[in-house]
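J.: With this note's numbering applied, the sequence shown covers 515 to 784.
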Amino acid sequence: MARMIPASPAADCESPAEQRLFELLRDRTDDRVVAFHHVPWLTSGNDGLPRQGEADFVLAHPAHGVVVLEVKGGRIDYDAGRGRWTSTGRDGTREIRDPFEQARRSSFLLRDALRSAKGRGARPLTIGHAVAFPDTRVGDGRLRLDAPREIVIDGDNLPGLDAHLEALFRYWDGQGRAAALGDDGISLLEQVLANSFTLAAPLVIEWRSEERELLELTERQYAVLDYLARQTRVAIAGCAGSGKTFLAAEKARRLARQGFRVLVVCFNKP
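#1: In this structure, how does DSSP classify A594 when only helix, strand and coil are distinguished?
#2: Where does G674 fall in DSSP's three states?
#3: Using a Cβ-Cβ cutoff of less than 8 Å, which residues in the same chain neighbour L739 once the five nearest sequence positions on both sides are dropped?
#4: Report yes or no: do three or more beta-carbon pairs, one from the segment 674-690 and one from the segment 578-597, lie closer than 8 Å?
#5: For the candidate residues A644, G674, Q745, L675, whose alpha-carbon lies nearest to that of M661?
#6: Just to confirm, is the Cβ distance from G587 to S529 under 7 Å?
#7: Can you give the Cα-Cα distance for V706 and L672, rounded to whole angstroms?
#8: Suppose contacts are defined by Cβ-Cβ distances below 7 Å. Is S620 in contact with A693 by that definition?
#9: Where does I750 fall in DSSP's three states?
#10: What first and last residue would you give for the alpha helix (DSSP H) that runs through V706?
#11: If the criterion is Cβ atoms closer than 7 Å, does the pair A531 and P648 meet it?
#12: How is F571 classed by DSSP in three states: helix, strand or coil?
#13: Is the separation between the beta-carbon of D545 and that of D676 shorter than 7 Å?
#14: Taking the C-alpha atoms as reference points, what is the distance between L639 and R625?
#15: A549 lies in the beta strand (DSSP E); which residues open and close that run?
#16: Between the alpha carbons of F622 and R540, how many angstroms are there, rounded?
#17: Given a threshold of 16 other Cβ atoms within 10 Å of its Cβ, counted over all protein chains shown, does R734 qualify as buried or as exposed?
#18: Sort Q533, L573, V553 by Cα distance to A516 and report the nearest one.
#19: Look at the alpha carbon of F571 and the alpha carbon of E720, and state the distance between them as a whole number of angstroms.
#20: Excluding five sequence neighbours on each side, which residues of the same chain lie with their C-beta closer than 6 Å to the C-beta of E584?
#21: Near A751, what residues of its chain come up, given a Cβ to Cβ distance below 6 Å and the 5 sequence neighbours on each side ignored?
#22: Taking the alpha helix (DSSP H) that F622 belongs to, which residues open and close that run?
#23: So the candidates are A708, I590, Y741, L556; which of them puts its Cα closest to the Cα of G606?
#24: E724 to G559, Cα distance in whole Å?
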């Protein structure tokens, strides 16, 4: 049983196929596998500009490495002459992005993000990519030169998904010749893709916020004084902290500006 992050499928699953793959990863795979679902990240390119990556799943195995997995549901058609991909499902046919290019590009961007998190001198992690077509039967042939059967998951692979994932990891780590990801690599992935944090609310910030609200409140109350300018006796009631003293001080300033001699008195029990 893989460890899923987050533990339940995101509400924005693009298709039932993605939902089904989530459940199979959760229930029928090696418990050493960690699967990050619907993860975005930002990294800086060589030109200093941000590059945004995302993946349906990022799969990690401590004994192997990382695989970025793109999922496309429905019947899949690829028109090589037009370079056009389409998916056909219950809602009809829609054009989709090249899933192999999506997965490949995201794997490069994730490698950059992890390298940045580890530091430039650190040894790079093994990161591959794959595409899942859970509603289709691919067969045994290569789809394109950049799409060998080893990096494709189809509907026939789902019953034995655990074994297929093992072969997928080994395809990218060169049958175990690459350095293992290890627990440190898993921790790094969690730090980059699923970092938990708490942002404290310092008292000084809360105080500033309350002060702004109080000033906005008393400005509204000052407007009441404009309507009462011709009244010589006015009683204003309110709970402690509601701004009665601010109103009294403002009224005193207004009277003083008009040339009156003003005395402000305030009662308290002590």
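Note that beta-carbon positions come from the ideal geometry of N, C-alpha and C, so glycine has one too.
For clarity, every value in this text was computed on a predicted model and none was experimentally measured.
T.: The answer reads as follows:
#1: coil
#2: G674 falls in the coil class under three-state DSSP.
#3: L761, E764, K765, R768
#4: yes
#5: Just to set this straight, residue 661 is Ala in the shown sequence, not Met. Of A644, G674, Q745, L675, the residue nearest in Cα terms is A644.
#6: yes
#7: Between V706 and L672, the C-alpha separation is close to 29 Å.
#8: no
#9: coil
#10: In the DSSP assignment, V706 falls within the alpha helix (DSSP H) that extends over 696-707.
#11: yes
#12: strand
#13: no
#14: In a straight line, the C-alpha of L639 is about 7 Å away from that of R625.
#15: 548-558
#16: 26 Å
#17: exposed
#18: Residue nearest to A516 within the set Q533, L573, V553 is L573 (criterion: CA-CA distance).
#19: 39 Å
#20: D570, P613, Q616, A617, V645
#21: none
#22: 613-632
#23: I590
#24: 42 Å
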